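Asks:
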Amino acid sequence: MVAETATALRRGLAILFALAGEEAAVSGGLGVMRIAQLVGREKSQVSRSLKVLGECGAVDRDPDTLNYRIGWRLFALAARAGDQRLLEAAPPFLRQVVRQVGERAHLSVLQGTEVLTLMSESPNHAVQAAGWVGRTVPVHCTSAGRALLFDLSRAEVEALLVGVEFSRLGPNAPRDVDELCSRLAAEREQGFALVDEEFEKELVAVAAPVRGFRGSIVAALNISAPKFRFGSRLESAGQEIKLVADELSGVLGWTAGQAPALAEVAELRRGDA
Numbered sequence: 086m087v088a089e090t091a092t093a094l095r096r097g098l099a100i101l102f103a104l105a106g107e108e109a110a111v112s113g114g115l116g117v118m119r120i121a122q123l124v125g126r127e128k129s130q131v132s133r134s135l136k137v138l139g140e141c142g143a144v145d146r147d148p149d150t151l152n153y154r155i156g157w158r159l160f161a162l163a164a165r166a167g168d169q170r171l172l173e174a175a176p177p178f179l180r181q182v183v184r185q186v187g188e189r190a191h192l193s194v195l196q197g198t199e200v201l202t203l204m205s206e207s208p209n210h211a212v213q214a215a216g217w218v219g220r221t222v223p224v225h226c227t228s229a230g231r232a233l234l235f236d237l238s239r240a241e242v243e244a245l246l247v248g249v250e251f252s253r254l255g256p257n258a259p260r261d262v263d264e265l266c267s268r269l270a271a272e273r274e275q276g277f278a279l280v281d282e283e284f285e286k287e288l289v290a291v292a293a294p295v296r297g298f299r300g301s302i303v304a305a306l307n308i309s310a311p312k313f314r315f316g317s318r319l320e321s322a323g324q325e326i327k328l329v330a331d332e333l334s335g336v337l338g339w340t341a342g343q344a345p346a347l348a349e350v351a352e353l354r355r356g357d358a
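Letter by letter, the sequence shown follows residues 86 to 358 in the working numbering.
#1: Report buried or exposed for E188, applying the criterion of at least 16 other Cβ atoms within 10 angstroms of its Cβ.
#2: Using the C-alpha atoms, what's the distance from S132 back to R362?
#3: Measuring CB atoms only, is the segment 220-233 touching the segment 297-313, in the sense that at least three cross pairs come out at less than 8 Å?
#4: Is it true that the segment 253-265 meets the segment 315-322, where meeting means three or more beta-carbon pairs spaced less than 8 Å apart?
#5: Report yes or no: do three or more beta-carbon pairs, one from the segment 190-200 and one from the segment 143-159, lie closer than 8 Å?
#6: Can you name, in chain order, every residue of its own chain whose Cβ lies under 6 Å from the Cβ of L360, other than the five neighbours on each side?
#7: Which whole-angstrom value is the C-beta distance of F298 and G248, which I expect to be below 8 Å?
#8: Is F277 near A290, with beta carbons less than 7 Å apart?
#9: Count the other CB atoms within 10 Å of the CB of E283; is the residue buried (16 or more) or exposed (fewer)?
#10: Near E241, which residues of its chain fall below 7 Å by C-beta distance, leaving aside the five closest residues on each side in sequence?
#11: Any chance you could list the beta strand (DSSP E) runs of at least 3 consecutive residues sitting entirely within the segment 277-313, in chain order?
#12: Tell me which same chain residues have a C-beta within less than 7 Å of the C-beta of V262, skipping the five on either side of it?
#13: For R154, write down the residues that DSSP places opposite it in a beta bridge.
#14: With a Cβ-Cβ cutoff of 7 Å, do N154 and L104 count as a contact?
#15: For the alpha helix (DSSP H) that S238 lies in, which residues bound it at each end?
#16: For a test of the three-state rule: what should DSSP assign to T202, helix, strand or coil?
#17: Determine whether the beta carbon atoms of V183 and E206 lie at a separation below 7 Å.
#18: For I326, which option in A175, E108, L94 and S129 has the closest C-alpha, if you only look at C-alpha atoms?
#19: For R239, which residues in the same chain have their Cβ closer than 7 Å to its Cβ, ignoring the five residues on either side in sequence?
#20: What span of residues does the alpha helix (DSSP H) with R189 cover, start to end?
#21: Less than 8 Å between C-beta atoms, sequence neighbours within five positions excluded: which residues of the same chain meet that for V329?
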């Protein structure tokens with residue numbers, strides 16, 4: 086009985102791995118015959134396993150094509166695991182940023198219309214940007230905030246910030262949604278956000294988005310520092326933090342260069358809701 090159970094478990098896992106593969110992603114799922122070929126099992130055995138997997142929500146079957154694909158329950162489990170994985174995986178990448186750039190690095194997430202800093206790593210500088218772990222800052226005038234908005238369309242940015250006052254905390258902060266969206270468009274194109282005295286006078290920062298396994302943005306890595314020391318290195322630091330953010334995204338299951346289009350991201354967010 087134990088051997089039979091282990092065999093059934095291995096067969097079920099092999100089926101799930103096949104459905105999580107590139108062929109299934111490109112084809113929108115796989116039929117029973119193709120799954121049987123990929124896992125090296127009889128069609129009848131695969132059919133029985135798929136029935137059990139379907140009953141527990143691990144796989145779905147398209148009513149039109151009859152192809153099977155990964156089910157909603159596995160996506161829900163992966164999303165929850167992704168949150169924990171982010172917190173476990175991020176520290177060495179923050180330390181890498183500090184080693185490369187020599188300035189304070191942060192890991193932040195979107196919380197409504199504000200940015201919450203989850204983690205921070207510091208170099209040994211006498212003068213540095215203040216630590217913000219556990220505190221929130223506005224989304225519109227911070228580098229992390231803007232990186233977290235990269236996948237939002239203009240309409241979604243407007244909806245998110247409706248009723249939000251664009252206070253000019255720093256002399257160069259955007260004055261309204263038009264100015265914010267204009268900066269977002271340029272930053273989205275280069276892959277990182279850059280702020281120069283927007284949140285605070287004499288403070289500069291850069292940030293890049295971190296993506297989860299489905300391609301949606303789950304966090305941002307950012308560097309902030311006094312302008313007198315860091316201002317001349319913002320562009321190069323932006324490129325560096327983008328590379329590190331992409332590496333962290335890879336650990337979370339995303340492949341660099343595969344960012345979904347804005348419409349696809351919206352669909353992913355609806356699916357996660």
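Glycine included, every Cβ here is placed at the ideal spot set by N, Cα and C. Just so you know, these numbers come straight off a predicted model, no measurement behind them.
Replies: The relevant details are as follows:
#1: buried
#2: Examination of residue 362 is not possible in this model, given that the chain is present from 86 through 358 alone.
#3: yes
#4: no
#5: no
#6: Nothing in the structure corresponds to residue 360, since the chain is present only between 86 and 358.
#7: About 33 Å separates the two Cβ atoms, so there is no contact after all.
#8: no
#9: buried
#10: none
#11: 278-281, 288-296 and 302-311
#12: V242, E243 and L246
#13: D145
#14: The sequence given here places Arg at residue 154; Asn does not occur at that position. Yes. Within cutoff.
#15: Premise fails: S238 is in no alpha helix (DSSP H) and is neither H nor E.
#16: strand
#17: yes
#18: A175
#19: C266
#20: Where R189 is concerned, there is no enclosing alpha helix (DSSP H), although the beta strand (DSSP E) it sits in stretches over R189 to Q196.
#21: F178, Q181, V182, Q185, A293 and L306
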